[in-house]
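Residue numbers for the sequence shown follow my numbering, so the first one is 1 and each next one is one higher.
Just so you know, even glycine gets a beta-carbon here, dropped at the ideal spot from N, CA and C.
One structure is given below, encoded as C-alpha cells.
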Amino acid sequence: MPYQVLTNTPPSDQIRAMLGEECEVKLWQGAETAPALLEGAEGFFCYGHPKINGTVMDTMPKLRVISNLGVGVDHINLEDARARNIPVGNTPNLVDGATADMTFTLLMAAARNLIIGDRYARGPEFLKYDPNILHGYDIHGATLGIIGMGNIGRQVARRAQGFDMKVIYHNRKPNPQAEAELNVTYATLPDLLRQSDFVTLNMPLTPETRGMIGREQLRMMKPSAILVNVARGGVIDHNALLEALQEKWIYAAAIDVTEPEPLPRDHSLLQLDNLVIAPHLGSATRQTRRNMAQRAVDNLKAGLKGEPLPSRIA
C-alpha cells in the first residue's frame, strides 16, 4: 500500500515523478479536508506558507513527517512538532546562490530604473533617445549594507566583490570568518542604515526580526538609498515602507516578498513607480527548484519509513 500524503498545493509533474508509486498524494484544504483523508495522512508535503501548528497536526493522528519545500519554516510550529515527535525537514543550502542572484537582480533593477525603463521603451512616448531621463545610481563602488550574514548574506557579499562595493553587515553577532574571507565589516544597525547606498535584507523571519525595518530605521537611510528585501515580508513594516517611498525618504525599494503574500490587489504599494516587486522568485530557477524538490521528497520518504531525514530542522 502506498503511503498517504497530504499537500496544500497540487504537486508538479516533476514532483509526482519523484514521489513515484510509494506515495498517494491528496489535497489538504484546512478545515474543509475530508475527515478520512486527515485520519489516514502519514506525511505532509508543504508548499508556500500554510500555518501548521499543533492543532493542525492533531487532526492527523498518523502523521509521521512534515516536509517543507523551502528553507524558511516560520509558518511551522517546530516546538509543537517536537512535542509530538514529528520530524520536520526543509531544504537548506540549496537556495543560497539563486537567492543571492535574485538579491542583486532586484538591486540592479531598482538602481537603474529597469522596470520603469521597460515600460517607457514599450510605450508610445519613446520616439527618440533622450539622454536626460531615468538617471539611476551607480552600483560599482557603492556601499552595500547586508542585514543577515548567514549563508545567503555571504553569497550576496561575494557577488558584491565583483562590483568593487564596500560591504558592511549587521548580524546578531559579528562573524569573524565572513570578515576574513569576504573583506566585510561589522556595523550596528543604525550605522549600517546611515552609511549604505544599498541595504539588503537576507535574514530569517523570527520574533526578533519581525518588523525590524520600520519608520525609525527607514528615516535613518540616505535619500538616495535603495532597500532590497528577499527575506520575508514580515521583516518590514509595510505601512512605514509605503510612507518612506511616497515621501521620498529613500530613493526606491525592491522586494520579492510581502506580508500578506500576495498583497491585496488594491494595496497602495502596488501603485508606486519607485518600488520593484517580484512574486517570490528568490529560489525560482529550474536547477534550484529541482534540487529543492528532490531534497523535500527525500525528507518525506525518509520520515515515512522512520529513517533519519537528510535535512531535519526539528
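Check                                                                                                                                  : Outcome
Contact under 8 Å by Cβ, residue 242 with residue 269                                                                                  : yes
Reference residue 236, options 246, 144 and 210, closest by Cα                                                                         : 210
Residue 155 burial status per 10 Å Cβ neighbour count (16 or more: buried)                                                             : buried
Counterpart residues of residue 24 in DSSP-defined beta bridges                                                                        : 4
Completely contained alpha helix (DSSP H) runs for the region 42-122, where each covers 4 or more residues                             : 54-57, 78-83, 96-111 and 114-122
Contacts around residue 100, its chain only, beta-carbon distance under 7 Å, and the 5 residues preceding and following it disregarded : 152, 155, 156 and 159
Under 8 Å between C-beta atoms of residue 228 and residue 107                                                                          : yes
Residue closest to residue 251, alpha-carbon to alpha-carbon, out of 264, 267, 265 and 274                                             : 274
Cα-Cα separation, residue 283 to residue 133                                                                                           : 33 Å
Where residue 256 falls, given that 16 or more other Cβ within 10 Å makes a residue buried                                             : buried
Residue 280 - DSSP class collapsed to helix/strand/coil                                                                                : coil
Given residue 74 as reference, the closest of 85, 6 and 46 once Cα atoms are compared                                                  : 46
Between the CA atoms of residue 223 and residue 83 - distance to the nearest angstrom                                                  : 48 Å
Length-filtered (4 minimum) alpha helix (DSSP H) runs lying within the region 202-286                                                  : 215-220 and 238-246
Segment contact, 8 Å Cβ cut-off, at least three pairs: the region 107-123 with the region 133-146                                      : yes
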